[in-house]
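*Asks:*
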Amino acid sequence: MSETTQVHEHVVSVPHVGHSEVHHEHHHDSFLTKYVFSQDHKTIAKQFLITGMFWALLGGLFSVIFRLQLGFPEARFPWMEDLLGEWARGGQLQPEAYYALVTMHGTVLVFFVLTAGLSGTFSNLLIPLQVGARDMASPFLNMLSYWFFFIASIVMLSSLFVQTGPFSGGWTAYPPLSALGQASPGSKVGMDLWLVSMALFVVSALLGGLNYIATVLNMRTKGMSMTRLPLTIWAFFFTAVLGVLSFPVLFSGFILLIFDRHFGTSFYLSDIYIGGQALPNEGGSAILYQHLFWFLGHPEVYIILLPAMGMVSEILSVNSRKPIFGYMAMIGSLFAITILAFLVWAHHMFVTGLNPFLGAFFVLLTLLIAVPSAIKVFNWLTTIWKGSIRFTPAMMFALGFVSLFISGGLTGIFLGNSALDIHLHDTYFVIAHFHIVMGVASMFGMFAGIYHWYPKMYGRYLNNTLGYIHFWATMIGAYLIFWPMHYTGLAGMPRRYYDYSIWESFKQFGSLNQFISIVAIIVFLVQILFLFNFFYSIWKGRKVTTQNPWGATTLEWTTPINPGHGNWEGEIPEVHRWAYDYGKDGQEFIAQTTPVGENESKH
515 MSETTQVHEH VVSVPHVGHS EVHHEHHHDS FLTKYVFSQD HKTIAKQFLI
565 TGMFWALLGG LFSVIFRLQL GFPEARFPWM EDLLGEWARG GQLQPEAYYA
615 LVTMHGTVLV FFVLTAGLSG TFSNLLIPLQ VGARDMASPF LNMLSYWFFF
665 IASIVMLSSL FVQTGPFSGG WTAYPPLSAL GQASPGSKVG MDLWLVSMAL
715 FVVSALLGGL NYIATVLNMR TKGMSMTRLP LTIWAFFFTA VLGVLSFPVL
765 FSGFILLIFD RHFGTSFYLS DIYIGGQALP NEGGSAILYQ HLFWFLGHPE
815 VYIILLPAMG MVSEILSVNS RKPIFGYMAM IGSLFAITIL AFLVWAHHMF
865 VTGLNPFLGA FFVLLTLLIA VPSAIKVFNW LTTIWKGSIR FTPAMMFALG
915 FVSLFISGGL TGIFLGNSAL DIHLHDTYFV IAHFHIVMGV ASMFGMFAGI
965 YHWYPKMYGR YLNNTLGYIH FWATMIGAYL IFWPMHYTGL AGMPRRYYDY
1015 SIWESFKQFG SLNQFISIVA IIVFLVQILF LFNFFYSIWK GRKVTTQNPW
1065 GATTLEWTTP INPGHGNWEG EIPEVHRWAY DYGKDGQEFI AQTTPVGENE
1115 SKH
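In the numbering used here, the protein residues as written are 515 to 1117.
(1) From this set, 1093, 1100, 1113, which residue's C-alpha is nearest residue 737's C-alpha?
(2) Tell me the rounded alpha-carbon separation between residue 849 and residue 752.
(3) As a quick exercise: from 654, 730, 619, 563, pick the residue whose alpha carbon is nearest that of residue 576.
(4) So, for residue 804: in the same chain, excluding its five sequence neighbours on each side, which residues have a beta-carbon less than 6 Å away from its beta-carbon?
(5) Using 8 Å as the cut-off, can you tell me whether the segment 804–817 makes contact with the segment 754–771, which would need three or more C-beta pairs spanning the two stretches below that distance?
(6) Does DSSP put residue 615 in a helix, a strand or coil?
(7) Taking contact to mean 3 or more Cβ pairs, one atom from each stretch, closer than 8 Å, check whether the segment 782–799 and the segment 921–931 are in contact.
(8) The beta strand (DSSP E) spanning residue 900 covers which residue range?
(9) Kindly identify the DSSP beta-bridge partner or partners of residue 1008.
(10) Measuring alpha carbon to alpha carbon, tell me which residue in 621, 874, 1087 is nearest residue 644.
(11) How should residue 886 be labelled, buried or exposed, when 16 other C-beta atoms within 10 angstroms of its C-beta is the threshold for buried?
(12) What's the C-alpha gap between residue 861 and residue 944?
(13) Which residues in the same chain have their Cβ closer than 6 Å to the Cβ of residue 617, if we skip the five residues on either side of it in sequence?
(14) From 1061, 971, 994, pick the residue whose C-alpha is nearest to that of residue 1048; which is it?
(15) Express the C-alpha separation of residue 772 and residue 870 in angstroms, rounding to a whole number.
(16) Pull up the distance between the alpha-carbon of residue 868 and that of residue 876, whole angstroms please.
(17) If I measure Cβ to Cβ from residue 727 and keep anything under 8 Å in the same chain, skipping five residues before and after, which residues do I get?
(18) Can you find the residues in the same chain that come closer than 7 Å, C-beta to C-beta, to residue 535, ignoring five residues on each side of it along the sequence?
(19) Which runs of the beta strand (DSSP E) spanning at least 3 residues fall entirely within the segment 958–1032, listed in chain order?
(20) Could you check the C-alpha separation between residue 873 and residue 1098 for me, to the nearest Å?
(21) Looking at C-alpha atoms only, which residue of 977, 816, 665, 798 is the closest neighbour of residue 709?
(22) Measure from the alpha carbon of residue 1106 to the alpha carbon of each residue in 606, 823, 741, 555, then state which is nearest.
(23) Reducing DSSP to helix, strand and coil, say where residue 680 ends up.
(24) Nearest-angstrom Cα distance between residue 840 and residue 963?
(25) Assuming residue 777 contacts residue 802 under a Cβ cut-off of 8 Å, what Cβ separation, rounded to an integer in Å, is found between them?
(26) I'd like the span of the alpha helix (DSSP H) that includes residue 583, first residue to last.
(27) So the alpha helix (DSSP H) residue 723 belongs to, where does it begin and stop?
(28) Note down the Cα distance separating residue 560 from residue 635, rounded to an integer number of angstroms.
(29) Counting C-beta neighbours from all protein chains within 10 Å, is the total for residue 969 16 or more, i.e. buried, or is it exposed?
(30) Taking the C-alpha atoms as reference points, what is the distance between residue 629 and residue 1059?
(31) Helix, strand or coil for residue 548? Go by DSSP, reduced to three states.
(32) How would you call residue 749, buried or exposed, if buried means at least 16 neighbouring beta carbons within 10 angstroms?
(33) Express the C-alpha separation of residue 739 and residue 1024 in angstroms, rounding to a whole number.
(34) Beta-carbon within less than 7 Å of residue 573's beta-carbon, same chain only, minus the 5 sequence neighbours each way: which residues are those?
(35) Look at residue 716 and residue 764 and say whether their C-beta atoms are less than 8 Å apart.
(36) Using a 10 Å radius around the Cβ and a threshold of 16 neighbouring Cβ atoms, would you call residue 937 buried or exposed?
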């Protein structure tokens, strides 16, 4: 029996080793099999990331266009008509186009950027590298998961070009607006394309999630027990579990919606009049859809946040040169968040006529989820306390994530209270809360991950100066955009309205709306600077000359600077210790592959 077989024997069967040897024979692939239809998890990670970047640029551009309308409702922008045609007749955004842009912005950022961008990129990149595997459990399914995502992207993009326009009923797609084609132009073909795209996206998420779970459970190298896994892997694992359990519920909701739209059923429809004419639908409930949607919708928040939390934990520890504080408590809090994420969905539905007694349970569970979140925050702060901190761009974004998670999370306590939520529901307070805690914070987690693992992805560094400009402009800009929205929300300013200047009570916020719109444009332009840095550095960035540039302990830094398909050239290294031996026994860091010494102190 070969040594390679012995290394794997405790985890996987002998054929797995043969499979890894097959990988080595296939190093000399054609362009198509190496870069397009690749089964190498590292290439697939890059495909997810670059597709996600395209969507982030488009979704950000949508927000800039509708922010111009909100900030300058009377102004006319001739270039807008050149860009958008009929959507912006006379240089002014039309109401139906405004709703379409708001809808597409939400859909694209939540699913195509933050879900696919974070899990698709970093679960793919890091799980095999950090658990010590040649590749994913099923490289073929992994490739399929990207291509389902890509096809979903094409379908969603095509909905922007149909004559009646893309779907314009909000990213949550509530019926009856989404269930009736005659309800508005944006509920016609654009909505069908939206549903097809989202169905394909769910398939992609499920293929990916099952692969991530199988890889973490079955493909760990010798010595890599579950309690020696880095927190990144725990976070990706729980994220995959969340997705596998909650995405099918959303899928079923969409199937019923397609039936209502095209097959005469009444799952969500009842007692509806359009233009004075009664529709024949009876017995359905629009609230049923909300239950199905939010049963995914709230776990979705953590499907987005947990990968960022895992990466931030890793980056804070590496750059503080200290072990992560409370490793088991961190795993426990991830687990608690995963469980509680399934039990709080109806806090989005306090104003639907939900029984107040039932509402009280959801209030309790919603406030309870603050406990594991607080454990994570205290452990992050204790990790950096008295640390020898290196302020790399990745570290700056990780610290920014912690700041945003705290400030954005605190406002969630207000919204989790059913009595307060009656006043705050569907106001700008909600916009401010979830953009800070979920949107911007998760983006910061993603940026931290990109800056930190870029040397492993491309064998080069990103430009640090551009990285610091990117951080400070985005950090300050994010707070300047979303913090004032809390105050307009407290004043009752509703979301999704096209023009606030016609209301006497909200005219007073005209100058504030202008200010927010201007800052949003600046922050968007700074993201283009980041894109330049990213793509320029792939070819022209400073080359990585050392295997372990950050002095980290985890397995991905034991691979060659530019690892091939299979990751390690010889045997997969054996693991002897946990992932956070920093500043121990007079050594700055001790890699996981270093055997434990006889006189070594225990962590």
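Here a beta-carbon is modelled for each residue, glycine too, at the ideal position from N, C-alpha and C.
*Replies:* Let me spell this out:
(1) 1093
(2) 7 Å
(3) 619
(4) 863
(5) yes
(6) helix
(7) no
(8) Unbroken run through residue 900: none, as it is neither H nor E.
(9) 941
(10) 1087
(11) buried
(12) 12 Å
(13) 681, 682, 684, 685
(14) 971
(15) 32 Å
(16) 11 Å
(17) 751, 754, 755, 758
(18) Low confidence applies to residue 535: its pLDDT is 39, below 50, so where it sits in the model is not reliable enough to give any reading.
(19) none
(20) 50 Å
(21) 665
(22) 741
(23) strand
(24) 22 Å
(25) Incorrect: roughly 17 Å between the Cβ atoms, too far for contact.
(26) 555–585
(27) 703–732
(28) 6 Å
(29) buried
(30) 33 Å
(31) helix
(32) buried
(33) 58 Å
(34) 619, 622, 623, 627
(35) yes
(36) exposed
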